[in-house]
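**Student:** Mind having a look at this structure? Questions to follow.
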Amino acid sequence: MVVGLSTGTDEFRSMLDGLSPRTDEFRLMLDGLSTSTDGFRLMLDGLSPRTDEFRSMLDGLSTGTDELLSMLVGLSTGTDEFRSMLVGLSTSTDELLSMLDGLSTRTDEFRSVLDGLPTSTDGLLSMLDGLSPRTDELLSMLDGLSTSTDGLSLGTD
58 MVVGLSTGTD EFRSMLDGLS PRTDEFRLML DGLSTSTDGF RLMLDGLSPR TDEFRSMLDG
118 LSTGTDELLS MLVGLSTGTD EFRSMLVGLS TSTDELLSML DGLSTRTDEF RSVLDGLPTS
178 TDGLLSMLDG LSPRTDELLS MLDGLSTSTD GLSLGTD
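Given below as structure tokens:
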């Protein structure tokens, strides 16, 4: 029975030795994820000013459309058709502004998700760093068990 324990200890030790390269591979994968996250963040930071510029242009267009509508109020029925076209244009710009507001909200939500990723990556890396001393402790315990089982097996022969 003691010989079987020694064999099981050796198998467990070899399994733990195989864990270290996988830990390094996982760490490299997490570093790559962190780099990708930084790239997405830079892309979003560049998108925000452009969204603001476009919103400002559409605000100016909406204001100009409103001024034209107020000038057309007293004109003949022929201008009513033109006014309805301008109303449609004003509605379209309002819809575009509302779409931009939705895009801005989604951009902020995406940014908050990305802000959470480096934190979770750092947390996983710290967990991996904490795993190494535990692995060393298990290996030393197994060495102690192996030594004590070797003494027991010698006494039983």
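Take the sequence shown: its position 19, counted from the start at 1, is 76 in our numbering, and no numbers get skipped.
Here a beta-carbon is modelled for each residue, glycine too, at the ideal position from N, C-alpha and C.
1. Which residue wins for smallest C-alpha separation from D179, given the options F167, R84, R70 and L76?
2. Looking at C-beta atoms only, is the number of pairs between the segment 102-112 and the segment 153-164 that lie closer than 8 Å three or more?
3. Going by alpha carbons, who is nearest to D123 out of R191, S105 and S147?
4. By a C-beta neighbour count over all protein chains shown, 10 Å radius and 16 as the cutoff for buried, is T150 buried or exposed?
**Tutor:** Once the coordinates are examined:
1. Minimum Cα distance to D179 is reached at R84.
2. Because the criterion of three Cβ pairs below 8 Å is met, the segment 102-112 and the segment 153-164 touch.
3. With distances taken between CA atoms, D123 lies nearest to S147 out of R191, S105 and S147.
4. Note on T150: 16 or more other CB atoms within 10 angstroms of its CB, so buried under the neighbour-count rule.
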